[in-house]
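**Student:**
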Amino acid sequence: MSLPRTLTRTLRSRPTLPSTTTHLSPIQGLLQKRTVKISASAVAQDPTPSASHASAPSFQSPPPPRSINTTTTTTQSTEESHIESLISTHPITQSLRQNPLLTESRPHRTIPLPLRQNHLVAGTLSGPTRLTVPPYVWATSPSTQQNQHQSTTHTIFHIGGNLGGHPGYVHGGLLTVMFDEAFARCVSASLTSGLGMTANLNVDFRKPGIPGRLFLLKAETVKVEGRKAWVRGDLTMLKREGADAVAGEEDVVVAEGRALFVEPKFADSIVPLYRN
474 MSLPRTLTRT
484 LRSRPTLPST
494 TTHLSPIQGL
504 LQKRTVKISA
514 SAVAQDPTPS
524 ASHASAPSFQ
534 SPPPPRSINT
544 TTTTTQSTEE
554 SHIESLISTH
564 PITQSLRQNP
574 LLTESRPHRT
584 IPLPLRQNHL
594 VAGTLSGPTR
604 LTVPPYVWAT
614 SPSTQQNQHQ
624 STTHTIFHIG
634 GNLGGHPGYV
644 HGGLLTVMFD
654 EAFARCVSAS
664 LTSGLGMTAN
674 LNVDFRKPGI
684 PGRLFLLKAE
694 TVKVEGRKAW
704 VRGDLTMLKR
714 EGADAVAGEE
724 DVVVAEGRAL
734 FVEPKFADSI
744 VPLYRN
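Using this note's numbering, the first residue of the sequence shown is number 474, and each one after it goes up by one.
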C-alpha cells in the first residue's frame with residue numbers, strides 16, 4: 474500500500490466536527506422563542522435594577538444618639554444609698570462595729586469582676602430590687618476564740634422586691650442560698666485552705682420573710698475534724714428603725730440552718746473566693 478493512498482483514506486475516515494450553528498426543529502424553535510419572551514417579561518417586571526443600571530446609593534443622615542435614661546440610674550443610686558444608710562445606722566450594725574473581736578468586710582466587693590459577674594449571689598442575684606447592696610459581714614478569727622477552730626460571722630443584707638416566691642414573701646430557695654453563702658464564709662476561717670464545699674445543708678423555716686427588709690444571718694462553726702467542719706446559724710428579719718419604724722414591731726426569726734462542709738483535696742486548684 475502506497476503512503477499517499479493510506480493518508481487519503483485516513484483523512485477521509487476522520488470524524489468531522491459539528492458545526493457551531495445548531496439547527497432546531499420547528500417545535501424546539503417555538504419553545505425557545507416562548508422561553509425568551511417569558512424571560513424578557515420577567516425582567517421587565519423585576520423592580521430590582523441590574524448592576525449596569527443601578528441607581529446611585531442614597532445617603533441618609535445617621536440617627537441621633539440615643540439618650541441615656543438618667544432617671545433609672547438616679548433611682549437605682551438613690552435606692553442603694555438609702556439601703557446603705559439603713560444598714561450603717563441600724564443599732565445592730567453600730568453594736569457589731571464596736572466589738573473589737575470582729576472584723577468588718579464586704580466580701581462580694583473583693584471578688585474579681587470576671588468572677589463576680591458569674592457568681593450566683595454576688596452577680597446574678599445582686600442589684601436593685603434583688604440583693605440591693607453587697608452584704609456586710611463581721612467575722613471573728615479562730616485566734617480570738619478559746620477554741621482555735623471556732624469562728625463566727627454576722628451578715629446583714631437587704632432583700633428587694635424581685636426575689637419573691639408566693640406574692641408578698643421572699644422565696645425560700647433564696648434564703649437557703651444565703652445560708653449556704655454565709656456558712657461557707659464562716660467555715661473558711663477554720664479550714665487550712667480557707668475553702669470548704671457544702672456536703673450537707675438543712676434549713677428549717679419558721680416564719681416567712683418579707684421583701685424590702687433587712688436580714689441578719691448569724692453563723693457559728695461548732696466542730697472541726699480534719700477536713701470537715703460543722704456549722705449552724707439562724708436568720709432574723711430585723712424590725713424597721715428610724716423613719717420606717719412600726720410601733721410594736723419586733724425582730725422575727727425566719728429560719729434556722731445547719732450544715733457540713735468538707736475541704737476538698739483539690740482545694741489548691743480552685744480559685745479562692747473566701748480566703749481573705
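C-beta atoms are modelled at their ideal positions from N, C-alpha and C, and glycine is treated no differently.
Note that the coordinates shown come from a computational prediction; the quantities given were computed from them, not determined experimentally.
1. State the beta-bridge partners of LEU708 as determined by DSSP.
2. Judging by CA-CA distance, which residue of LEU746, ILE556 and GLY730 is the nearest neighbour of PHE678?
3. Below 8 Å between beta carbons: does that hold for GLU553 and PRO601?
4. Since LEU636 and HIS644 should fall inside the 8 Å C-beta cutoff, what is the C-beta to C-beta distance between them, to a whole number of angstroms?
5. For PHE630 and PHE739, I'd like the C-alpha separation in whole angstroms.
6. Sort out for me which residues DSSP pairs TYR609 with in a bridge.
7. Starting from the Cα of PRO737, find the closest Cα among ARG658, HIS581, LEU664 and MET651 and give me that residue.
8. Relative to the alpha-carbon of GLU577, which residue among LEU593, THR625, VAL594 and PRO640 has its alpha-carbon at the smallest distance?
9. Quick check on the burial criterion: 16 or more other C-beta atoms within 10 angstroms. Buried or exposed for LEU588?
10. What does the Cβ neighbour count give for GLN567, buried or exposed, with the cut at 16 atoms within 10 Å?
11. Below 8 Å CB to CB, which residues in the same chain sit around VAL579 once its five sequence neighbours on both sides are set aside?
12. Given ALA655, which residues of its chain have a CB within under 7 Å of its CB, disregarding the five upstream and five downstream residues?
13. Compute the Euclidean distance between the alpha carbons of LYS701 and ALA720, then round it to the nearest angstrom.
14. Could you have a look at ALA716 and say whether DSSP puts it in helix, strand or coil?
15. Quick check: the Cα distance between ALA762 and ALA662, rounded to an integer number of angstroms?
16. For MET710, is the classification buried or exposed, using 16 other Cβ atoms within 10 angstroms of its Cβ as the cut-off for buried?
17. Would you please state the rounded distance, in angstroms, between the beta carbons of VAL650 and VAL594? I believe it to be under 8 Å.
**Tutor:** Straight from the coordinates:
1. LEU690 and ALA728
2. GLY730
3. yes
4. 6 Å
5. 32 Å
6. ILE629
7. The residue with the shortest Cα to Cα distance from PRO737 is LEU664.
8. Minimum Cα distance to GLU577 is reached at THR625.
9. The residue in question, LEU588, is exposed, as its Cβ has fewer than 16 Cβ neighbours within 10 Å.
10. Burial state of GLN567 is exposed, judged by a 10 Å Cβ sphere holding fewer than 16 other Cβ atoms.
11. Strictly speaking, residue 579 in this sequence is Arg, with Val absent from that position. Excluding positions up to five away in sequence, the list reads PRO607, PRO608, TYR609 and VAL610.
12. THR626, THR628, LEU690, ALA692 and GLY706
13. 45 Å
14. helix
15. Because residue 762 is not part of the residues shown, which for the chain are 474 to 749, the question remains open.
16. buried
17. 6 Å
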